[in-house]
Amino acid sequence: MKRRFAAAGVVLVSVLVSGVLLAKKGSDVTVPAQQPSLTKTKGPAGAPVEILEYSDFQCPACQRAQAVLQSLDAKYPGQIRFVYRHFPLAGHVWSGIAHQAAECAASQNRFWDYHDVLFKNQTLWSAPQNPSDSLLRYARDLGLNLDAFGACLADETVRGRVQADKQTGVDAQVNSTPTFFINGERVAGHIELGLKGEAIIRKILNLEPSGGAAEAKSGS
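Per my numbering, the very first residue in the sequence shown carries number 5; after that it's consecutive.
Listed below in structure tokens is the structure:
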């Protein structure tokens, strides 16, 4: 296990270095061809409400939005299907590799677990030092196959899959995180999600406005 962890660590450090160089050089660097990312959904396929989320694992507001999403899921059980799409921001130096790691976790059907760990520990792995040990430890703690995880991180197409997700957001004019689309209706930010977002959900479900929804309406 230690040997596998070390081998995966070497791969991740290499990916981190190349990722930082890409961030510094900007658009002059050619990225891998964009391919559809792995599907990242949870909740009933036939749920009447779909919340599509564009967020960045290093974004504090995105981290705060997770509590709102969990609250909505608990309040309307079985009524919401959640869809996640990567939207790493250029200003967050470690965001790209975190999204690639999450995409690799998705390849082992553990995206949401890795997603939760990244947001829970955001202030730890996103500090200004190399986060490779943390990202590998999360994979190990979740019981992921480290050989497969390391091979996935070394696969240049993974970065392309992350960028493919982001491009769908760019095409939808997403310019900040988190941004949500609730059955196609745009909601920006974690505060608006708990107000306008819940109002949209209750309308879809033919429910009376809640206190939060009423506040959102009066403040608009």
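We put the beta carbon where it would ideally sit given N, CA and C, even for glycine.
{"Item": "Taking the beta strand (DSSP E) that S59 belongs to, which residues open and close that run?", "Value": "V53 to S59"}
{"Item": "If you check the beta carbons only, do D60 and P81 fall under 8 Å apart?", "Value": "no"}
{"Item": "Hey, which unbroken runs of the beta strand (DSSP E) at 3 residues or more fall wholly within the stretch 149-197?", "Value": "183-186 and 189-192"}
{"Item": "Kindly indicate which residue of P52, K46 and T43 has the alpha-carbon position closest to the one of N270.", "Value": "For residue 270 there is no data in the structure shown, the boundaries of the chain being 5 and 224."}
{"Item": "Please state the DSSP three-state secondary structure of F115.", "Value": "helix"}
{"Item": "For F86, write down the residues that DSSP places opposite it in a beta bridge.", "Value": "K46 and I55"}
{"Item": "At the level of alpha carbons, what is the spacing between I186 and E160?", "Value": "32 Å"}
{"Item": "Express the C-alpha separation of S180 and S162 in angstroms, rounding to a whole number.", "Value": "Residue identity check: residue 162 is Val in the sequence provided, not Ser. If I take the Cα positions, the gap works out to 23 Å."}
{"Item": "For E196 and A155, what's the separation of their Cα atoms in angstroms?", "Value": "39 Å"}
{"Item": "Going by CA-CA distance only, name the one from S136, Q70, S214 and Q83 that's closest to A102.", "Value": "S136"}
{"Item": "Taking Cβ positions, are T45 and R89 nearer each other than 8 Å?", "Value": "no"}
{"Item": "Have a look at Q62, C108, K170 and W116 and flag the residue whose alpha-carbon is nearest the alpha-carbon of Q74.", "Value": "W116"}
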